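Before any comments, here is the structure.
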Amino acid sequence: MITVIGSMNMDLVVDTNRVPENGETILGKDFYTFPGGKGANQAVAAARLGGNVHMVACVGNDVFGTELTRNLQEQGVDTANVSYSSEKSTGIANIILSENDNRIIVVPGANYELRPSMIEGLRDMIKMSNVVVMQLEILPETVKAVLKICDELNIPVVMDPAPAEFFDRDMISGIQYITPNQYECEQLFGVQMDEALEMYPNQLIVTLGKDGVRYFDGEKHIHIEAIRTNAIDTTGAGDTFNGAFAYAISHQYALYDAVRFANAASSLSVEKLGAQTGMPTKAEVEARLAL
Ligand code: RIB
Numbered sequence: 000m001i002t003v004i005g006s007m008n009m010d011l012v013v014d015t016n017r018v019p020e021n022g023e024t025i026l027g028k029d030f031y032t033f034p035g036g037k038g039a040n041q042a043v044a045a046a047r048l049g050g051n052v053h054m055v056a057c058v059g060n061d062v063f064g065t066e067l068t069r070n071l072q073e074q075g076v077d078t079a080n081v082s083y084s085s086e087k088s089t090g091i092a093n094i095i096l097s098e099n100d101n102r103i104i105v106v107p108g109a110n111y112e113l114r115p116s117m118i119e120g121l122r123d124m125i126k127m128s129n130v131v132v133m134q135l136e137i138l139p140e141t142v143k144a145v146l147k148i149c150d151e152l153n154i155p156v157v158m159d160p161a162p163a164e165f166f167d168r169d170m171i172s173g174i175q176y177i178t179p180n181q182y183e184c185e186q187l188f189g190v191q192m193d194e195a196l197e198m199y200p201n202q203l204i205v206t207l208g209k210d211g212v213r214y215f216d217g218e219k220h221i222h223i224e225a226i227r228t229n230a231i232d233t234t235g236a237g238d239t240f241n242g243a244f245a246y247a248i249s250h251q252y253a254l255y256d257a258v259r260f261a262n263a264a265s266s267l268s269v270e271k272l273g274a275q276t277g278m279p280t281k282a283e284v285e286a287r288l289a290l
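Per numbering that gives the first Met the number 0, the sequence shown starts with residue 0, numbered consecutively.
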């Protein structure tokens with residue numbers, strides 16, 4: 000069982016040829032709403048691969064909250080531990096797609112209503128998990144409360160440390176696998192990527208977008224090349240990597256195989272618009288790996 004403790008957002012996506020300057024108004028090309036949030040995205044990525052996934056999150060008592068919860072249920076994710084806040088509205092992400100990249104502003108809203116005091120009640124559920132998956136779009140204190148219980152119960156944690164500004168170096172000892180991108184890695188550890196990789200062998204796995212993935216196995220640097228693909232929207236590629244990686248780890252894949260599997264899953268995810276739309280099934284990942 001995979002337990003994801005994290006955010007659920009409605010993604011409000013604007014597709015535009017260029018980003019406006021300060022004080023300028025321009026016309027965009029398209030507007031979409033998509034289910035998102037790093038937590039929910041990673042839950043869906045693991046569920047679509049066939050994982051038994053439980054989501055722990057908080058949404059607002061509003062239309063977006065209901066829609067996001069229903070979306071998770073349709074994807075086969077257990078939502079018994081998704082709670083509703085009457086104080087805050089559902090988290091949103093304002094996403095600008097432009098020039099084959101994205102810029103994202105997240106407003107956490109109800110995601111910050113998932114309080115540390117609510118975590119003790121999840122102890123039994125955490126105990127039954129093969130892996131707990133987290134990111135940093137919920138309160139850092141809540142993340143730390145989860146890490147403490149996982150440490151006591153000896154449950155492995157996979158963490159995508161994004162947004163990186165909320166990472167606290169104290170967290171690292173409670174995390175079995177941490178999966179930043181290169182920018183986040185340098186922000187987190189304050190040194191060049193290869194130096195950071197050597198500090199955390201078989202624990203720090205850095206995703207490099209179109210350049211693949213790297214980690215250090217204790218003796219040598221392992222580089223897995225990205226699989227070439229026609230990228231339409233890279234939003235959620237890192238989430239697909241993390242969800243697929245957690246799926247593989249919870250199914251006892253060796254580290255190299257888990258990274259390779261997640262790398263292939265994320266290459267498929269960017270072929271469709273929206274964070275979750277392109278997340279692949281296991282058969283699709285295996286077909287890509289066989290190419
Ligand atoms: O990682 C992509 C996600 O980041 C988006 O779905 C958005 O909601 C933000 O949380």
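For every residue, glycine included, the Cβ atom is placed at its ideal position computed from N, Cα and C.
Nothing here was measured: the structure is a model prediction, and the numbers come from that model.
Straight-line gap, residue i to residue j (C-alpha atoms, nearest Å)
i    : j    : result
V323 : P115 : In the structure displayed, the chain extends from 0 to 290; residue 323 sits before or after that span and is not available.
I4   : V131 : 7 Å
R17  : E98  : 7 Å
M0   : T65  : 24 Å
G59  : L207 : 34 Å
I94  : L196 : 30 Å
N129 : I154 : 7 Å
I231 : V284 : 18 Å
E140 : M170 : 11 Å
V157 : D238 : 12 Å
G27  : N80  : 38 Å
P200 : L272 : 35 Å
A225 : I177 : 19 Å
S268 : V43  : 12 Å
D256 : Q175 : 16 Å
I148 : E86  : 27 Å
G189 : M9   : 32 Å
I104 : T233 : 15 Å
A76  : G50  : Sequence inspection shows Val at residue 76; the Ala mentioned does not correspond to that position. Roughly 9 Å between the two C-alpha positions.
Y31  : A274 : 12 Å
T89  : V142 : 19 Å
H209 : R227 : Note that residue 209 corresponds to Lys in the displayed sequence, not to His. If I take the Cα positions, the gap works out to 8 Å.
V12  : D100 : 12 Å
M127 : E119 : 14 Å
M117 : L290 : 46 Å
R213 : F244 : 14 Å
A291 : L203 : In the structure displayed, the chain extends from 0 to 290; residue 291 sits before or after that span and is not available.
F166 : T15  : 31 Å
D61  : H53  : 22 Å
F240 : S82  : 26 Å
F215 : G173 : 19 Å
P179 : Q191 : 13 Å
R242 : A45  : Contrary to the premise, residue 242 reads as Gly rather than Arg in this sequence. If you take the alpha carbons of G242 and A45, they lie about 5 Å apart.
T78  : V205 : 30 Å
M198 : Q181 : 15 Å
E270 : D193 : 29 Å
F63  : F33  : 10 Å
N279 : V258 : The sequence shown places Pro at residue 279, not Asn. Distance between the alpha carbons of P279 and V258 is about 15 Å.
D150 : G211 : 30 Å
D123 : N229 : 43 Å
A163 : S6   : 15 Å
D315 : E183 : Here the chain comprises residues numbered 0 to 290, so residue 315 is not present and cannot be evaluated.
I91  : E185 : 27 Å
G277 : S84  : 30 Å
Bridge-paired residues (DSSP) for residue i
i    : result
F33  : D10
V368 : Lying before the first or after the last residue shown, residue 368 is absent from the chain, which here runs from 0 to 290.
L203 : I177
L96  : D14, N101
F244 : In DSSP, F244 forms no bridge with anything.
D77  : H53
M133 : I4, M158
G90  : N8
H220 : F215
V142 : V142 is not bridged to any residue.
Y83  : V58
V106 : I91
Presumed contact (8 Å Cβ cut-off) between residue i and residue j, rounded CB distance
i    : j    : result
I125 : T2   : 6 Å
L48  : K281 : 5 Å
S265 : A236 : 5 Å
L121 : P160 : At roughly 21 Å, the Cβ-Cβ gap does not stay under 8 Å, so L121 and P160 are not in contact.
L288 : A253 : Their Cβ separation, rounded to whole angstroms, is 14 Å, which puts L288 and A253 out of contact at 8 Å.
9 Å Cβ cutoff, residue i in contact with chain B
i    : result
V156 : Protein chain content of the structure displayed is limited to a single chain, and chain B is not contained in it.
Item to check | Cβ contact check for the segment 214 to 227 and the segment 242 to 251: 3 or more pairs under 8 Å | outcome: Of all C-beta pairs linking the segment 214 to 227 to the segment 242 to 251, fewer than three are shorter than 8 Å, placing the two stretches out of contact.
Item to check | Cβ pair count under 8 Å reaching 3, the segment 10 to 27 against the segment 63 to 79 | outcome: Using a Cβ-Cβ distance cut-off of 8 Å, the segment 10 to 27 and the segment 63 to 79 are not in contact, since fewer than three pairs of beta carbons, one from each stretch, lie closer than that value.
Checklist entry - Does the segment 29 to 40 come close enough to the segment 132 to 139 to have 3 or more Cβ pairs within less than 8 Å? => result The segment 29 to 40 is in contact with the segment 132 to 139.
Next on the checklist: With three or more C-beta pairs closer than 8 Å as the rule, is the segment 99 to 114 touching the segment 50 to 58?
Outcome noted: The segment 50 to 58 is in contact with the segment 99 to 114.
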